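Going by our numbering, the first residue of the sequence shown is number 114, and it counts up by one from there.
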Amino acid sequence: FPNFSTSTDGTSKLSPFASNSAPNTRKRRKLKFVPLKAAVALTPKARNFFKALLESISNPDVVGIMLNYNQSSTGEPRMVFSFDFAKRNQLTDQDEGVSLEVLEDGVTPKPPEESENDGLPKLYVHRNAFMKVLGCTLDVDEENMVPLLYDREGNKLDPNA
Numbered sequence: 114f115p116n117f118s119t120s121t122d123g124t125s126k127l128s129p130f131a132s133n134s135a136p137n138t139r140k141r142r143k144l145k146f147v148p149l150k151a152a153v154a155l156t157p158k159a160r161n162f163f164k165a166l167l168e169s170i171s172n173p174d175v176v177g178i179m180l181n182y183n184q185s186s187t188g189e190p191r192m193v194f195s196f197d198f199a200k201r202n203q204l205t206d207q208d209e210g211v212s213l214e215v216l217e218d219g220v221t222p223k224p225p226e227e228s229e230n231d232g233l234p235k236l237y238v239h240r241n242a243f244m245k246v247l248g249c250t251l252d253v254d255e256e257n258m259v260p261l262l263y264d265r266e267g268n269k270l271d272p273n274a
């Protein structure tokens, strides 16, 4: 039976805490947040490295490169950053895209609001890695062809710290 509460004037009302009270019929629109700045800064070397990697791939399903943060596959109890080719069906709304393109001046990275739906390949930051790499700079060691992440102070980022 419904939960009733009695007010001071003696009238009964249906309690708002009753399990059978009418559900809220208003629908909320989910707003998409578009950041002003990319989550990760790319050096020109890193930008060119990732563009060259993506141009060498002939698979049309590959839409970019995914930066992830996960458990080491060697069995050691530590975390690692990994870079993989990202396919369209692997992306979610929680993965953040970082453009590999620059504006006409040749230096300034294309902002997220312009690059979000441009259809060009991107570096995607996986939702697991987002908070760990937020504000970092991504560079490439050209001798070993290894991507490197640096924090805001310029220190090499340790995934286990």
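From the three backbone atoms N, C-alpha and C, an ideal C-beta is built for every residue, glycine too. Please read these numbers as outputs of a predicted model, since none were measured by experiment.
Check	Outcome
Which residues mark the beginning and the end of the alpha helix (DSSP H) in which K245 is found?	243–246
Counting only runs of 4+ residues fully inside the region 191–233, write out the alpha helix (DSSP H) ranges in chain order.	225–228
Let me confirm a value: D208 is counted as buried when at least 16 other C-beta atoms fall within 10 Å, else exposed. Which label applies?	buried
Rounded to whole angstroms, what is the Cα-Cα separation between K164 and R265?	24 Å
I'd like the list of long-range same chain contacts for L261, defined as Cβ closer than 6 Å, with 5 residues on each side in sequence excluded.	D252, D254
By a C-beta neighbour count over all protein chains shown, 10 Å radius and 16 as the cutoff for buried, is K140 buried or exposed?	exposed
State whether the region 218–235 contacts the region 144–152, with contact taken as three or more CB pairs (one from each stretch) at a distance under 8 Å.	yes
Using 10 angstroms around the beta-carbon of N210, count the other beta-carbons present and answer buried if the total reaches 16, otherwise exposed.	One point to set straight first is that residue 210 is Gly, not Asn, in the sequence displayed. Buried: at least 16 other Cβ atoms inside 10 Å.
First and last residue of the beta strand (DSSP E) that includes L262?	259–263
Which residue marks the beginning of the alpha helix (DSSP H) containing N161, and which one marks its end?	157–168
In terms of residue numbering, what span does the beta strand (DSSP E) encompassing L149 cover?	Run containing L149: none; DSSP gives neither H nor E here.
Report the CB separation of N241 from Y182 in whole angstroms; it is logged as a contact under 8 Å.	5 Å
Contact between the region 191–201 and the region 169–176: three or more CB pairs below 8 Å?	yes
In the structure shown, what three-state DSSP assignment does D254 receive?	strand
Could you tell me if F114 is buried or exposed, where buried requires 16 or more neighbouring beta carbons within 10 angstroms of its beta carbon?	Residue placement at F114 is poorly supported in this model, since its pLDDT is 49, which falls under 50; the coordinates are not used for a value here.
Cutting at 7 Å between CB atoms, please list the residues of its own chain near V238, excluding the five before and the five after it.	A152, V153, L180, D208, E209, V211, V246
Report the option in K143, R142, T156 whose CA atom is closest to the CA atom of E214.	T156
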